[in-house]
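*Asks:* Quick one: the structure is below, questions incoming.
In the working numbering, the protein residues as written are 195 to 262.
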């Protein structure tokens, strides 16, 4: 029930009161982000603008590793 209320946009403090919890911290123990919530969060951000590169070790490093 807590997840349904959270997904409906109800504040954690209100959910805590509704469920009879002493504090919102108690309610948080029962709530985890659903897959739908995670997808919505990811849709709100854009990927970082970084160039992908792969590590290329130099000869000195390769020799060092071979000698281990």
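Using N, Cα and C, we set each Cβ at its ideal position, and we do this for glycine too. Keep in mind the model is a prediction, meaning the values are calculated, not measured.
Does the stretch 204-211 come within contact of the stretch 220-229, defined as at least 3 CB pairs closer than 8 Å?
*Replies:* Contact between the stretch 204-211 and the stretch 220-229 is present, because at least three Cβ pairs lie under 8 Å.
*Asks:* Using the C-alpha atoms, what's the distance from residue 246 back to residue 240?
*Replies:* Between residue 240 and residue 246, the C-alpha separation is close to 16 Å.
*Asks:* In this structure, does DSSP put residue 216 in helix, strand or coil?
*Replies:* If DSSP states are grouped into helix, strand and coil, residue 216 belongs with coil.
*Asks:* With residue 250 as the anchor, note down where its alpha helix (DSSP H) starts and where it stops.
*Replies:* Residue 250 -> no alpha helix (DSSP H), and no H or E assigned at all.
*Asks:* Between which two residues does the alpha helix (DSSP H) carrying residue 198 extend?
*Replies:* Here the alpha helix (DSSP H) through residue 198 covers 196-201.
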